[in-house]
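A.B. asks:
2 protein chains.
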Amino acid sequence: MSTELWYTERYEEHGAALSLKIREVLHREQSPYQNIEIFETEQFGTLMTLDGLVMVTDRDNFLYHEMMSHPALFTHPAPKRVLIIGGGDCGTLREVLRHREVEEAVQVELDERVTRVAERFFPELCENNQDPRARFHFTDGITWIKEAEAGRYDVIIIDSTDPVGPAAGLFATDFYAACHHALADQGVLVAQSESPLLHADLIRQCQSRMTEAGFDAVNSLYFPQFCYPSGWWSATLGRKGLAMDAFRIDAARAFTGTRYYHAAMQQAAQVAPAFLLP
Amino acid sequence: MSTELWYTERYEEHGAALSLKIREVLHREQSPYQNIEIFETEQFGTLMTLDGLVMVTDRDNFLYHEMMSHPALFTHPAPKRVLIIGGGDCGTLREVLRHREVEEAVQVELDERVTRVAERFFPELCENNQDPRARFHFTDGITWIKEAEAGRYDVIIIDSTDPVGPAAGLFATDFYAACHHALADQGVLVAQSESPLLHADLIRQCQSRMTEAGFDAVNSLYFPQFCYPSGWWSATLGRKGLAMDAFRIDAARAFTGTRYYHAAMQQAAQVAPAFLLP
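Chains X and B, in that order, are what the protein sequence lines are. Counting from 1, one number per residue, gives the positions in the first sequence under UniProt numbering. Counting from 1, one number per residue, gives the positions in the second sequence under UniProt numbering.
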């Protein structure tokens, strides 16, 4: 009889848990901010957890990373200056840099160790880190946004952890207002906004807070993401001086190399479930 | 310290598992076909498992049941005679009977005990079982279809368990051909077709087998379903003498009382992820 190793993440308040079968523990460290662990799973490739919460697996991260980047970039008429808050695994950054129009992608991640560990264990996600358009800053994203000059960015992506601890401020109205200020006209903000099944109130709150913060057209995108609680996830999009239907559809149709995203999916993903219709 | 009870379903071949926290075991029996268990969960209401596999929870079954019924019924121009194969928990039947055009809904479930247990523990799913349009037959669905007269049904719904054991035959080309024969012109077949993330090959196979079986326009619907493996599920739709875009959109827009489904969702759900585009 051989020993079985399982990693389990409990969704405590939802009385549920997800487990992945593990071949071996590849790495463990306590950074100044959190506990970073890397596992080799049986069926989902490499797994990264932060403080015991699943951040990314090789097998299913494409869903989240494609949906956090391409819809926002194809909503903007000409995205040149992109800011990513969080996103330490660099999977969102990789997708952003696949857009040729992008001249500069600034990533502001609090914990440098997450990025260093990702470079070692998720080389695919980090394959564009050497791109000369990429700039890395390891510091607090909230301060970064508040100190940004007005109109500095075309697209801001909030690729954060859950709204607890240091990430809670990333879901606040005054943070969204600071993002609005840091965006140029026709700017686009996209923020991960948790599970429609488990956190419908948080999604509604993100939408109303972005509206309060001055965004002109706000809605959410819905997509599957197995390794996050409930397997169903969302991102909420705010547009500054752009209509709800702003979309460079021809450019999206010509874009290749994605596994989930395509032009028609951008439109489909914006259709809310009946219980979240306005 | 209090004892914690967890129900766990292992997705063995995928090296993953889902667990739900349990308050108590409400019922357990061995029917002639399978082991039926009912649990009261902490956060997902009542749970039914068959041979250890999650079939339905109070909290998230609306996703599956709405998507197994309404898209097919609104694809058909005038659905009067509906056949459900499987569906013993009666959740799909309930949704079907919400369509006033339906004159007869025949449910053919192998295991009568599943329906009797559902009547006791899932009264909400069974609330339309007394509708005079509902007919129950507890017998083998494959034989039922093969013996059906030509053109007997307008819509056939295959609300089956996974393609192993007795349900394997429900995924075969000759079964789809028998469904085609049992459908009237402009008939619609819909079959649950597993997880896009875990079973993409099976979805492609369902599509090609329905096409081989004579269906004119075949595609799949994609939707979230937390309690099924990967939290992302599909249903595959075959149309007999109907175009891919057949859709009573005005009727769908006027339909109320759903929690996930609505007219725009029917269209959005048919957008395949890039890795499953034809």
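Glycine included, each C-beta is placed from N, C-alpha and C at the ideal position. Note that the coordinates shown come from a computational prediction; the quantities given were computed from them, not determined experimentally.
#1: Buried or exposed for Tyr-164 (chain X), please, with buried defined as at least 16 other CB atoms from any protein chain shown within 10 angstroms of its CB.
#2: Interface residues of chain X around Gly-52 (chain B) at Cβ under 9 angstroms?
#3: For the beta strand (DSSP E) containing residue 279 (chain B), list its first residue and its last residue.
#4: Could you name the residues of the segment 210-235 of chain X whose beta carbon sits closer than 7 angstroms to any beta carbon of chain B, in the order they occur along the chain?
#5: Taking C-alpha atoms, which residue in X:Ala-268, X:Leu-276, X:Gly-257 lies nearest to Arg-98 (chain X)?
#6: Under the three-state reduction of DSSP, which class applies to Ser-193 (chain X): helix, strand or coil?
#7: As a quick exercise: from B:Thr-46, B:Glu-109, B:Asn-35, pick the residue whose alpha carbon is nearest that of Ala-167 (chain B).
#8: Please identify the residue among X:Ser-193, X:Phe-122, X:Gly-151, X:Arg-23 whose C-alpha is closest to the C-alpha of Ser-160 (chain X).
#9: Considering Cα atoms alone, identify which of B:His-70, B:Val-155, B:Gln-267, B:Glu-9 is closest to His-181 (chain B).
#10: Starting from Met-68 (chain X), find everything on chain B with Cβ-Cβ shorter than 9 angstroms and list it in chain order.
#11: If distances are taken between C-alpha atoms only, which option among X:Glu-4, X:Ala-191, X:Glu-149 comes closest to Ile-203 (chain X)?
#12: Could you check where the alpha helix (DSSP H) with Val-117 (chain X) kicks off and where it finishes?
#13: Here's a check: name, in chain order, each residue in its chain whose Cβ is nearer than 6 angstroms to the Cβ of Asn-61 (chain B), leaving out the five neighbours to either side.
#14: Mapping the DSSP letters down to three states, classify Gly-86 (chain B) as helix, strand or coil.
#15: Is Leu-183 (chain X) helix, strand or coil by DSSP?
#16: What are the start and end residues of the alpha helix (DSSP H) that includes Leu-73 (chain B)?
#17: Buried or exposed, going by whether 16 or more other CB atoms sit within 10 Å of the CB of Gly-141 (chain X)?
#18: Quick check on the DSSP output: the alpha helix (DSSP H) that includes Leu-53 (chain B) runs from which residue to which?
#19: In the segment 241-270 of chain X, which residues sit with their C-beta less than 7 angstroms from some C-beta in chain B, listed in chain order?
#20: Determine, for Gln-207 (chain X), whether the minimum Cβ-Cβ distance to residues of chain B falls below 8 angstroms.
#21: For the ligand GTP, is there a heavy atom less than 7 angstroms away from the beta-carbon of Gln-270 (chain B)?
#22: Buried or exposed for Glu-147 (chain B), please, with buried defined as at least 16 other CB atoms from any protein chain shown within 10 angstroms of its CB.
#23: Does any C-beta atom of chain B lie closer than 8 angstroms to the C-beta of Gln-186 (chain X)?
#24: Taking the C-alpha atoms as reference points, what is the distance between Ala-200 (chain X) and Met-55 (chain X)?
#25: With a cut-off of 8 angstroms, do at least 3 Cβ pairs link the segment 7-16 of chain X to the segment 34-49 of chain X?
#26: Out of B:Asp-250, B:Gln-205, B:Asp-58, B:Arg-248, which has the shortest C-alpha to C-alpha gap to Ala-235 (chain B)?
#27: Indicate whether at least one CB of chain X lies closer than 8 angstroms to the CB of Asp-60 (chain B).
#28: Using a cut-off of 7 angstroms between C-beta atoms, extract the partners of His-14 (chain B) located in chain X.
#29: Would Leu-237 (chain B) and Val-188 (chain B) be called neighbours here (beta carbons separated by less than 8 angstroms)?
#30: Who pairs with Thr-41 (chain B) in a beta bridge, going by DSSP?
#31: Residues in the same chain with beta-carbon distance under 6 angstroms from His-76 (chain X), minus the five sequence neighbours each way, listed in chain order, please.
#32: Sorted by chain position, which residues of the same chain lie with C-beta nearer than 7 angstroms to Ala-263 (chain B)'s C-beta, five sequence neighbours on each side aside?
#33: Could you tell me whether any Cβ in chain X is nearer than 8 angstroms to the Cβ of Leu-110 (chain B)?
#34: Check each candidate in B:Ala-16, B:Leu-83, B:Thr-57, B:Leu-93 and name the one with the smallest Cα separation from Trp-144 (chain B).
#35: When the Cα of Arg-116 (chain X) is compared with those of X:Tyr-222, X:Tyr-260, X:Val-102, X:Arg-28, which residue comes out closest?
#36: Quickly, what does DSSP pair Gly-238 (chain B) with across the bridge? List them, please.
C.D. replies: Working from what's here:
#1: Reading off the sequence shown, one finds Val at residue 164 (chain X), where the question assumed Tyr. It is exposed - the Cβ of Val-164 (chain X) has fewer than 16 other Cβ atoms within 10 Å.
#2: For a Cβ distance threshold of 9 angstroms, nothing in chain X lies close to Gly-52 (chain B): the least Cβ distance comes to about 15 angstroms.
#3: A query on residue 279 (chain B) cannot be resolved here, the shown segment of chain B reaching from 1 to 278 and no further.
#4: Within the segment 210-235 of chain X, the residues whose Cβ lies closer than 7 angstroms to any Cβ of chain B are, in chain order, Pro-224, Phe-226, Ser-230, Gly-231, Trp-232.
#5: When each option's Cα is compared against that of Arg-98 (chain X), the closest is X:Gly-257.
#6: Here Ser-193 (chain X) sits in coil by DSSP.
#7: Closest option to Ala-167 (chain B), Cα to Cα, is B:Glu-109.
#8: Distances from the CA of Ser-160 (chain X) to each of X:Ser-193, X:Phe-122, X:Gly-151, X:Arg-23 were compared; the closest alpha carbon is that of X:Ser-193.
#9: That would be B:Val-155, whose Cα lies nearest to the Cα of His-181 (chain B).
#10: Per Cβ cutoff of 9 angstroms: no residues; Met-68 (chain X) is ~16 angstroms from chain B at best.
#11: For Ile-203 (chain X), the nearest C-alpha among the options comes from X:Ala-191.
#12: Here the alpha helix (DSSP H) through Val-117 (chain X) covers 112-121.
#13: These residues qualify, in order along the chain: Gly-91.
#14: Three-state DSSP puts Gly-86 (chain B) in a strand.
#15: The answer is strand: DSSP assigns Leu-183 (chain X) an E or B state.
#16: For Leu-73 (chain B), the uninterrupted alpha helix (DSSP H) run begins and ends at 61-75, by DSSP.
#17: The residue is buried, with at least 16 neighbouring Cβ atoms inside 10 Å.
#18: Looking at the DSSP string, Leu-53 (chain B) is not in any alpha helix (DSSP H); the run it does join, the beta strand (DSSP E), is 53-57.
#19: Of all residues in the segment 241-270 of chain X, Thr-258, Arg-259, Tyr-260, Tyr-261, His-262, Ala-264, Met-265, Ala-268 have a Cβ within less than 7 angstroms of some Cβ in chain B.
#20: Not one chain B Cβ lies under 8 angstroms of Gln-207 (chain X).
#21: The ligand GTP is not among the ligands present in this structure, which contains no ligands whatsoever.
#22: Looking at its Cβ environment, which holds fewer than 16 other Cβ atoms inside 10 Å, Glu-147 (chain B) is exposed.
#23: Chain B contact via Cβ: absent.
#24: Distance between the alpha carbons of Ala-200 (chain X) and Met-55 (chain X) is about 21 angstroms.
#25: Taking 8 angstroms as the limit for Cβ pairs, the verdict is that the segment 34-49 of chain X does touch the segment 7-16 of chain X.
#26: Closest by alpha carbon: B:Gln-205.
#27: Yes - at least one Cβ of chain X is within 8 angstroms of the one on Asp-60 (chain B).
#28: Here the neighbours are Gln-43.
#29: In this structure, Val-188 (chain B) lies closer than 8 angstroms to Leu-237 (chain B) by Cβ.
#30: B:Ile-22, per the DSSP bridge assignment.
#31: Cβ neighbours of His-76 (chain X) beyond the five flanking positions: Asp-154, Val-155, Val-188.
#32: Ile-249, Ala-252, Arg-253.
#33: No - not a single Cβ of chain X is within 8 angstroms of the one on Leu-110 (chain B).
#34: Residue B:Leu-83 holds the alpha-carbon nearest to the alpha-carbon of Trp-144 (chain B) among B:Ala-16, B:Leu-83, B:Thr-57, B:Leu-93.
#35: Checked all of X:Tyr-222, X:Tyr-260, X:Val-102, X:Arg-28; the closest Cα to Arg-116 (chain X) is X:Arg-28.
#36: Secondary-structure assignment with DSSP links Gly-238 (chain B) through a beta bridge to B:Leu-189, B:Val-218.
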